[in-house]
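Position in the sequence shown counted from 1, then plus 1450, gives you the numbering used here.
These notes are about the structure you will find just below.
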Amino acid sequence: MTTTPEHGPAALVLGAYLRSLRLAKGTTAAEAAEAIGSSESTLSRMETGQAGHRWQEVATLARLYGVTDWPSIADAPRWTDWQSRDPERAAGTIHDNTEGWVDRLRACEHHATAICVYASATVPRIVQTMGCPVDHLTLLTTATQPPRIPPRTVLPGQTRQDITVILDGAMLLRTFANPAAMAAQMAYLQRLQESPHGPRILVVPFQAGVLPPSGTLHRFHLHGQELFAEEIWNAIYTTGADSQTARDCLAAGLAAAKDLKASAALLDIARRRFEQLARDPKTDPLVEELTP
1451 MTTTPEHGPA ALVLGAYLRS LRLAKGTTAA EAAEAIGSSE STLSRMETGQ
1501 AGHRWQEVAT LARLYGVTDW PSIADAPRWT DWQSRDPERA AGTIHDNTEG
1551 WVDRLRACEH HATAICVYAS ATVPRIVQTM GCPVDHLTLL TTATQPPRIP
1601 PRTVLPGQTR QDITVILDGA MLLRTFANPA AMAAQMAYLQ RLQESPHGPR
1651 ILVVPFQAGV LPPSGTLHRF HLHGQELFAE EIWNAIYTTG ADSQTARDCL
1701 AAGLAAAKDL KASAALLDIA RRRFEQLARD PKTDPLVEEL TP
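What follows is the structure, given as structure tokens:
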């Protein structure tokens, strides 16, 4: 069961980000708490979104964890209780379009116990294989600065995550001008789905007529609380009533998606189609099986 965060999405996102930075740096909770003159229990409440954040504490922790560029530190007031009386902040929506936004999204992904991702434009990072073909949008959003939080971080004491990935059927028709790489990506998705602890990968068939998200939609369960993130050129986080549109979109995708067996069959057709296109780009004999 999830609840609505008392402090809106800001506390959850910033808490996950600070904790990921601390773990990536190798700083102990005791060292971080001492740096801000607080207790480990208070730091824990900050990192799990159960308490708001003060700008001075965020700036101190950021520097402690190696974040020294001024734009990132100066932007901290948007995420802290310095603006907690702003009516737009109280509505439960945060637009994150500043330096490090991909790191903050990745931090939420690391700390969530359950994740549901609905993608329509590109294969989600959480299930991308090396060499996965990407479009111009993905290149723009990931090639800005080196990440502070490495992908696939193994967190101390982290239990296995419950992950569901929903792919819009149109994605199985795109080649990104690289059918061989797409074939490898489809094969990787098949292996993930077949692994004992792999994610559930569901496909919404092209003919279902469901309107997918414009980019990638995430639902995170963070510390017993529900957080939605819409990722396009940046990330938009919502909680509570503000996340109703995102919740409805995700529910529609889940309702229209094929079951695991049928989705696996569609992934296999897509893999064979991309392999055929790699051999002979002028033929497309399997496209009708993906768009009956």
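Just so it is clear, CB atoms sit at the ideal spot from N, CA and C, and this is done for glycine as well.
Every value quoted in this text rests on a predicted model; they were computed, and no experiment measured them.
Burial state of residue i (16 or more Cβ within 10 Å)
i, result
"residue 1748", "The requested residue 1748 does not occur in the structure, where the chain is confined to residues 1451 to 1742."
"residue 1459", "buried"
"residue 1636", "buried"
"residue 1519", "exposed"
"residue 1470", "buried"
"residue 1569", "buried"
"residue 1669", "buried"
"residue 1537", "Low local confidence applies: a pLDDT of 47 at residue 1537 is under 50, so the model's placement there is unreliable, with the coordinate-based value given in what follows. Classification of residue 1537: exposed, given that the 10 Å Cβ count is below 16."
"residue 1729", "exposed"
"residue 1694", "exposed"
"residue 1675", "buried"
"residue 1733", "exposed"
"residue 1575", "buried"
"residue 1540", "At residue 1540, the pLDDT of 46 sits below 50, so the modelled position is not reliable and the matter cannot be decided from this model."
"residue 1606", "In this prediction, residue 1606 has a pLDDT of 43, which is less than 50 and means its spatial position is unreliable; what the coordinates show is noted afterwards. Looking at its Cβ environment, which holds fewer than 16 other Cβ atoms inside 10 Å, residue 1606 is exposed."
"residue 1731", "exposed"
Range covered by the alpha helix (DSSP H) that runs through residue i
i, result
"residue 1656", "Careful: residue 1656 lies outside any alpha helix (DSSP H) and carries neither H nor E."
"residue 1578", "Careful: residue 1578 lies outside any alpha helix (DSSP H) and carries neither H nor E."
"residue 1716", "1710 to 1729"
"residue 1471", "1458 to 1475"
"residue 1556", "1551 to 1561"
"residue 1506", "1505 to 1514"
"residue 1679", "First-last for residue 1679: 1675 to 1681, but that is the beta strand (DSSP E), not the alpha helix (DSSP H)."
"residue 1697", "1694 to 1706"
"residue 1622", "From DSSP, residue 1622 is part of no alpha helix (DSSP H); its letter is neither H nor E."
C-beta contact flag for residue i and residue j at 7 Å
i, j, result
"residue 1561", "residue 1466", "yes"
"residue 1714", "residue 1643", "yes"
"residue 1514", "residue 1685", "no"
"residue 1472", "residue 1482", "yes"
"residue 1702", "residue 1660", "yes"
"residue 1692", "residue 1499", "no"
"residue 1497", "residue 1464", "no"
"residue 1667", "residue 1620", "no"
"residue 1638", "residue 1572", "no"
"residue 1567", "residue 1615", "yes"
Cα-Cα separation between residue i and residue j, rounded to whole angstroms
i, j, result
"residue 1720", "residue 1553", "31 Å"
"residue 1503", "residue 1662", "35 Å"
"residue 1551", "residue 1665", "15 Å"
"residue 1618", "residue 1480", "45 Å"
"residue 1740", "residue 1717", "9 Å"
"residue 1650", "residue 1738", "25 Å"
"residue 1565", "residue 1689", "15 Å"
"residue 1711", "residue 1577", "18 Å"
"residue 1545", "residue 1517", "21 Å"
"residue 1505", "residue 1706", "44 Å"
"residue 1724", "residue 1735", "10 Å"
"residue 1604", "residue 1474", "Note on residue 1604: pLDDT 41, under 50, position unreliable in the model; the coordinate value appears next. If you take the alpha carbons of residue 1604 and residue 1474, they lie about 10 Å apart."
"residue 1625", "residue 1611", "30 Å"
"residue 1476", "residue 1634", "35 Å"
"residue 1628", "residue 1709", "28 Å"
"residue 1487", "residue 1622", "53 Å"
"residue 1655", "residue 1510", "49 Å"
"residue 1645", "residue 1549", "36 Å"
"residue 1485", "residue 1613", "35 Å"
"residue 1547", "residue 1673", "24 Å"
"residue 1678", "residue 1704", "15 Å"
Bounding residues of the beta strand (DSSP E) (the contiguous stretch that carries residue i)
i, result
"residue 1687", "1685 to 1688"
"residue 1568", "1564 to 1569"
"residue 1642", "Residue 1642 -> not in any beta strand (DSSP E); alpha helix (DSSP H) instead, spanning 1629 to 1644."
"residue 1741", "Segment: none, residue 1741 is in no beta strand (DSSP E) and carries neither H nor E."
Residue i: CB within 6 Å of a non-hydrogen atom of the ligand ADP
i, result
"residue 1516", "With respect to the ligand ADP, the structure shown offers nothing to examine, as it has no ligands at all."
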